[in-house]
Amino acid sequence: MPAPFDSTRRLLIKGIAAACLLSVTRVGFAATAQIAAVRVWPSSTYTRITLESNVSLSYKQFYLTNPNRLVIDIDDLSLNSTFRNISSLIKPEDPYIKQLRVGQFDNKTVRLVVELKQDINPNLFTLKPIAEFKNRLVIDLYPLQKNTLDDDPLFALLQEFNKGDLNDNDIPISQPVKKANDKIVIVLDPGHGGEDPGAIGYYKTREKDVVLQIARRLRDLIRKEKAMTVHLTRNEDIFLPLRVRVEKARAFHADLFISIHADAFTKRSAKGSSAFALSTKGASSSAASYLAQTQNEADEIGGVSRSGDRYLDHTLLDLVQTTTTSNSLILGKEILSKMKRVNTLHKAQVETAGFAVLKAPDVASVLVETAFISNLNEEKKLKTANFQNQIAKAMLEGIKSYITLRKN
7 MPAPFDSTRR LLIKGIAAAC LLSVTRVGFA ATAQIAAVRV WPSSTYTRIT LESNVSLSYK
67 QFYLTNPNRL VIDIDDLSLN STFRNISSLI KPEDPYIKQL RVGQFDNKTV RLVVELKQDI
127 NPNLFTLKPI AEFKNRLVID LYPLQKNTLD DDPLFALLQE FNKGDLNDND IPISQPVKKA
187 NDKIVIVLDP GHGGEDPGAI GYYKTREKDV VLQIARRLRD LIRKEKAMTV HLTRNEDIFL
247 PLRVRVEKAR AFHADLFISI HADAFTKRSA KGSSAFALST KGASSSAASY LAQTQNEADE
307 IGGVSRSGDR YLDHTLLDLV QTTTTSNSLI LGKEILSKMK RVNTLHKAQV ETAGFAVLKA
367 PDVASVLVET AFISNLNEEK KLKTANFQNQ IAKAMLEGIK SYITLRKN
């Protein structure tokens, strides 16, 4: 009898030990950090490096000279093939990065060395998971001083934004500006960009690429108009916070602001062009509310360094002037009336919702959904030069019609 008893007791003890070990493994030990993806986004204004991981990364940074290098030590990380290949992502035309080197500094630390072409002002921050993105460590490299000689205010606005100077506590309404001429100033805003691809169609068409192409075509048409001048919020694949887009339009003393998109909906059957203006009293439909919510998430998806940015708290709505809102609705209506000649309209009237990118209190602003990239037929059309040109021409005709109405 003792033998069976001992055997049973040993099995019981082993079972208890295994259960305890399993419990400790699941609860007591943190998950091992793994780099899931690396991305580099070069632009003339700043370059962004993104490290995506399964858990939030802990890091330290310091700067070395001769040559100039930014060194980032990432704790509790082992080098894998995904991270090791980051050096291959650097393009010769990158204005800030000469090369990247990465290595296992010690058993628990991976060191990333960014060798620089010029002095930079680094801005590092982490982002929590959102949409399809896991945890991210973002490394933004800004120049110490502006590189270009043009009058684009983007660099200064990004500096203000990163310092926290673009807040919503005191947004002044612009005073009438005495312009050098009587031209109508139009700012075109291609949605999304950089880390934020926008909606992606069935055939992998990215919204950020299509809308930039349409914006450039519309810009080229406007340049031929003697009574107008035009600017783009972005002319390359760069992420810009929503607030910076708005403030860039205001810095140019824009008369009109047109944000260009090609969004998606939960049903592939959704189709047609739409126009939206800012609402101070809630969305005009559930679809408009859904769209505004997805568009307002752009900062979180693209990544901004300051969490809880007051700009996305919708506290600016009560500052919008009645005249500006009225003008925005008229502008949207005129654009829709011309776009229906080249594409089906999703809604015949201008819809309204709390779009953060339309919150310039003194600029007539509309968001134009050129077509649904989630619709297979419209995705195919969006990729063609012919349809892009048609949409651009229709928007220009709408702008001209609006200007004529306002003069009368």
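To convert a position in the sequence shown, counted from 1, into the numbering used here, add 6.
We put the beta carbon where it would ideally sit given N, CA and C, even for glycine.
Annotated as proximal: ALA221 and LEU194, with beta-carbon spacing under 7 Å. Residue nearest to MET234 within the set TYR52, ALA39, LYS254, LYS189 is LYS189 (criterion: CA-CA distance). Beta-carbon to beta-carbon, THR330 and ASP368 are separated by about 6 Å, close enough to satisfy the 8 Å threshold. Contact annotation: the segment 200-211 does not touch the segment 346-360, with fewer than three C-beta pairs closer than 8 Å.
For VAL236 and LEU227, the gap between their C-alpha atoms comes out near 10 Å.
If you compare the alpha carbons of ASN414, LYS134, ARG75, ARG251 with that of VAL108, the shortest gap goes to ARG75. Nearest C-alpha to VAL363 among LEU297, GLU242, LYS134: LEU297.
With three or more CB-CB distances shorter than 8 Å, the segment 102-117 counts as touching the segment 78-87. In this structure, LYS214 sits near GLY199, with a CB-CB distance shorter than 7 Å. With a contact defined as Cβ atoms closer than 8 Å, THR358 and ALA260 miss out at about 20 Å. Residue state for VAL310 is assigned as coil, using DSSP reduced to three classes. Annotated as proximal: THR376 and ALA268, with beta-carbon spacing under 7 Å.
In the three-state DSSP reduction, GLN151 falls in the coil class, being neither helix nor strand. Counting C-beta atoms within 10 angstroms of its own C-beta, ILE136 has fewer than 16 neighbours from the protein chains shown and is therefore classed as exposed. Non-local beta-carbon contacts of SER291 in its own chain, meaning distances under 7 Å to residues more than five positions away in sequence, involve GLU357 in chain order. As the crow flies, the alpha-carbon of ASN381 is around 22 Å from that of LYS399. Ranked by how close their Cα comes to the Cα of SER62, the residues ARG142, PRO73, LEU106 have ARG142 in first place.
Distance between ASP202 and VAL252, taken at the CA atoms: about 17 Å. Residue burial is scored here from C-beta neighbours: ALA43 has fewer than 16 other C-beta atoms within 10 angstroms and is therefore classed as exposed. Excluding the 5 residues flanking it on each side, LYS344 has same chain C-beta neighbours closer than 6 Å at ALA400, GLU403, GLY404, in chain order. By the CB criterion at 7 Å, SER280 and GLY360 fall outside the cutoff.
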